[in-house]
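Count along the sequence shown starting at 1, add 17, and that's the number in the numbering used here.
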Amino acid sequence: MRYSRLIQQLWERWLSLLSRLQGDPKVAQLLNTRIGLYICRRPFLAFTLLLFSAMAVLPVGIFLMFALTTFVISAVGFVFFEGWYFLVGHRSWIECFFFCLFVF
Numbered sequence: 018m019r020y021s022r023l024i025q026q027l028w029e030r031w032l033s034l035l036s037r038l039q040g041d042p043k044v045a046q047l048l049n050t051r052i053g054l055y056i057c058r059r060p061f062l063a064f065t066l067l068l069f070s071a072m073a074v075l076p077v078g079i080f081l082m083f084a085l086t087t088f089v090i091s092a093v094g095f096v097f098f099e100g101w102y103f104l105v106g107h108r109s110w111i112e113c114f115f116f117c118l119f120v121f
């Protein structure tokens, strides 16, 4: 009994959300275009497009996250390696300089 009341409340919220969306002037303007009218007449196609776009976002998001992480890790690694090479090269130059002063 409690679950049916919860489902009824959820259904009422869903209907109020849909009525708010349909009452929005921007949505009404979009639905009055040729594409909007075409999709309004074919709800299965609209649902299919919605699911396709929602499912397409996941792999694209994972790829972009991987690319961003790879870029950040490479940039940080580049900075650390360049710093290390600078430190080693600078130290070698100083050692060579002092060795030459000591020998000559």
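Here a beta-carbon is modelled for each residue, glycine too, at the ideal position from N, C-alpha and C.
Item: Out of curiosity, what's the CA-to-CA distance linking C57 and Q39?; Value: 12 angstroms
Item: I'd like to check one pair, L47 with G53: are the Cβ atoms closer than 7 angstroms?; Value: yes
Item: May I ask you to report which of helix, strand or coil DSSP gives T50?; Value: coil
Item: Does DSSP put R59 in a helix, in a strand, or in coil?; Value: coil
Item: What number of angstroms, rounded off, separates the C-alpha of S33 from the C-alpha of V44?; Value: 15 angstroms
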